[in-house]
Amino acid sequence: MNEEHSTSSLPKPFNTNRETPSTLRKNLFLGQALGVVAMPLGFLILPSNFIIAMLLTQTFRLSDSVYGLIVSLPAWCNVAQLVIVPLLGNRWSQKAVTQVFSWTHLLIWAILASVLPYIPQDNLRLASQIFFILFFLSSFFHAILGVAFTSWLQEWVPGRIRGKYFGKRNRILQITTIFIILGGSYI
7 MNEEHSTSSL PKPFNTNRET PSTLRKNLFL GQALGVVAMP LGFLILPSNF IIAMLLTQTF
67 RLSDSVYGLI VSLPAWCNVA QLVIVPLLGN RWSQKAVTQV FSWTHLLIWA ILASVLPYIP
127 QDNLRLASQI FFILFFLSSF FHAILGVAFT SWLQEWVPGR IRGKYFGKRN RILQITTIFI
187 ILGGSYI
């Protein structure tokens, strides 16, 4: 009876029921699911996507050179983030950088949505300047938050599974992205 009592007082191992996934497993799955949702949204905010391209070239009739400059902004901002992200990382956590730049990026798109009806279609110079500024800011904030989010995600993925997890996650995201682009192109 003493033996029976002593074994029953031992703490039960965490997650003995295999049907219930661990918190880490749930969070890793949610990280993959978030990526699957975020990748198409990331393409939709680029000025080269078909919706923005039609808006800028058909509705507002921006010149090829102005549109080309606007389309190149994400690449320029990706280069700039190579210098800026480490400087921000010295002052803020990756979580803080991600949150600040995510909210600021959302604010830029809210501004674009609210001023869009008031951008003059007959004043190409003013329309070009407005779109350049808004897409520059959007591209800049997106470049920073994309890197910061991945760094933040790496902070809470255990080192023993980090390479395998990100390899699988990136594979899933790339395959999903290909199907979304093909589907969008077809539509």
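Every number in this note's numbering is 6 more than the matching position in the sequence shown, counting from 1. Each residue gets a CB set at the ideal place from its N, CA and C atoms; glycine is no exception. Bear in mind that the values here come from a model prediction, so they are computed numbers and not experimental data.
Just checking my contact of Gln-87 with Ile-150 at CB under 8 Å: how many whole Å lie between their CB atoms?
5 Å
Review point. From what residue to what residue does the alpha helix (DSSP H) around Asp-128 run?
Key: Looking at the DSSP string, Asp-128 is not in any alpha helix (DSSP H), and its letter there is neither H nor E.
| query | If you draw a straight line from the C-alpha of Ile-193 to the C-alpha of Gly-41, how long is it? | reply | 23 Å
Report task. Give the secondary structure of Trp-158 by DSSP, where H, G and I count as helix, E and B as strand, and everything else as coil. Result -> helix
**Message:** Buried or exposed, going by whether 16 or more other CB atoms sit within 10 Å of the CB of Thr-104?
**Reply:** buried
task: Give the secondary structure of Phe-66 by DSSP, where H, G and I count as helix, E and B as strand, and everything else as coil.
output: Residue state, collapsed to three classes: coil.
Checklist line | Beta-carbon proximity list for Val-106, same chain, < 6 Å, skipping 5 on both sides | finding: none
Practice problem: Tell me, please, whether the stretch 109-120 touches the stretch 159-167 by the rule of three or more beta-carbon pairs shorter than 8 Å. | Solution: no
task: Report the three-state DSSP secondary structure of Asn-55 (helix, strand or coil).
output: coil
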